[in-house]
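Shown next, in structure tokens, is the structure this report addresses.
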Amino acid sequence: MSLDLTTLLQNWPYESGRLNVRMIRGDDGEPKIQVRLDLGILQMNMEGRPDGQTPFGFPSLLEYHENRLDEIAGPSALGPAAPEAVEAMAEGDDEDADAPPAFALSPDECKQLRDEAAQYYHRYVALLVLEDYEGVIRDTTRNLRLLDFCAEHAENDSDGAILEQVRPYITMMRARALASQAIKDNEPNVAVNAIDEGLDALRAHYEAAGDPGDFEQSNEAQMLRSMRETLLPKLPVSQRAELRQRLQEALARENYELAAILRDELRLLPD
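For reference, each letter of the sequence shown is one residue, going 1 to 271 in the numbering used here.
Okay, structure coming up:
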């Protein structure tokens, strides 16, 4: 079998300016996501870890480290159904048993978790294009769990801080997917609630970071507000014109991320 990808790439030309995504059936019979890049094709599994790996026999590195923590913490980490552990601590059989061994993620382990999170990022962005909102919700929820895990257990605070920079974006994408799924299910009130919860989470993040003023100007908050407006039964022409004006301003400032978001929202507006 030839290793040359020329024919494959020619049969799926790269289109600049848009995310080229498709779903195919793999040789193993399972669905795969493919993203056309300028110099090739990125392929990911639909379920589990995007690259199909099972590190240390676990579905992901995050679950591997979560299991490590559970094992170190012992049966008491499982909740009230651990009478033996409670009794042992009460009797003081072993002073060391009262304090489980410390658990911390080394810098290398944090980097590996960041690399894994990037895989899920590529997949949930592709899933959004495919309108698989439940998949986006699954992967963004999972990455937020990873952020919380690193923030709590990273050996160096700087490793947790690195990931916190992407929390607003993941929060926005999750809220957007929740709202989009609700719209798909014809539940506009649920969609509005999802957006409001996303905005509340963004506000809490910036307040906790000591930058409450950044919330109002963040692209993520602006996107969710714009999406909220589109959920109104009928959007006045003046508001449509305002969105167009904001789009032009974003383009003039070369803020292409916000421009893409506003362009998407204009397409969603009712006639």
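C-beta: ideal position from N, C-alpha, C; glycine also. Note that the coordinates shown come from a computational prediction; the quantities given were computed from them, not determined experimentally.
In angstroms, rounded to a whole number, what distance separates the CA positions of residue i and residue j?
{"i": "residue 18", "j": "residue 260", "result": "10 Å"}
{"i": "residue 258", "j": "residue 246", "result": "9 Å"}
{"i": "residue 243", "j": "residue 1", "result": "52 Å"}
{"i": "residue 118", "j": "residue 34", "result": "16 Å"}
{"i": "residue 234", "j": "residue 207", "result": "Since pLDDT at residue 234 reaches only 35, below the 50 mark, its modelled position is unreliable, and the value read off the structure follows with that caveat. Taking the straight line joining both Cα atoms gives about 34 Å."}
{"i": "residue 97", "j": "residue 28", "result": "Its pLDDT being 49, under 50, residue 97 is placed unreliably in this model, and the coordinates cannot settle the point."}
{"i": "residue 11", "j": "residue 43", "result": "16 Å"}
{"i": "residue 128", "j": "residue 39", "result": "22 Å"}
{"i": "residue 70", "j": "residue 267", "result": "47 Å"}
{"i": "residue 60", "j": "residue 49", "result": "6 Å"}
{"i": "residue 25", "j": "residue 46", "result": "10 Å"}
{"i": "residue 36", "j": "residue 16", "result": "10 Å"}
{"i": "residue 265", "j": "residue 188", "result": "16 Å"}
{"i": "residue 164", "j": "residue 30", "result": "34 Å"}
{"i": "residue 198", "j": "residue 224", "result": "8 Å"}
Could you tell me the boundaries of the alpha helix (DSSP H) in which residue i lies?
{"i": "residue 138", "result": "133-153"}
{"i": "residue 200", "result": "188-208"}
{"i": "residue 214", "result": "213-217"}
{"i": "residue 168", "result": "167-184"}
{"i": "residue 11", "result": "No alpha helix (DSSP H) holds residue 11; DSSP gives it neither H nor E."}
{"i": "residue 70", "result": "61-73"}
Could you tell me the boundaries of the beta strand (DSSP E) in which residue i lies?
{"i": "residue 31", "result": "31-37"}
{"i": "residue 20", "result": "20-25"}
Sort out for me which residues DSSP pairs residue i with in a bridge.
{"i": "residue 45", "result": "32"}
{"i": "residue 40", "result": "37"}
{"i": "residue 105", "result": "154"}
Let me check understanding here. Comparing Cα to Cα, which of the options lies closest to residue i?
{"i": "residue 135", "options": "152, 193, 169, 181", "result": "181"}
{"i": "residue 191", "options": "200, 175, 68", "result": "175"}
{"i": "residue 109", "options": "149, 139, 138", "result": "149"}
{"i": "residue 113", "options": "141, 74, 73, 65", "result": "65"}
{"i": "residue 220", "options": "226, 172, 164", "result": "172"}
{"i": "residue 9", "options": "21, 41, 168", "result": "41"}
{"i": "residue 228", "options": "202, 107, 193", "result": "193"}
{"i": "residue 201", "options": "103, 57, 170, 132", "result": "170"}
Quick one: is residue i near chain B, going by C-beta distance under 8 Å?
{"i": "residue 255", "result": "In the displayed structure, chain B is absent; only one protein chain is listed."}
Does the Cβ of residue i lie closer than 7 Å to at least one heavy atom of the ligand NAD?
{"i": "residue 153", "result": "With respect to small molecules bound, the structure shown includes none, and the ligand NAD cannot be examined in it."}
| Does the region 120-127 come close enough to the region 152-161 to have 3 or more Cβ pairs within less than 8 Å? | The region 120-127 is not in contact with the region 152-161.
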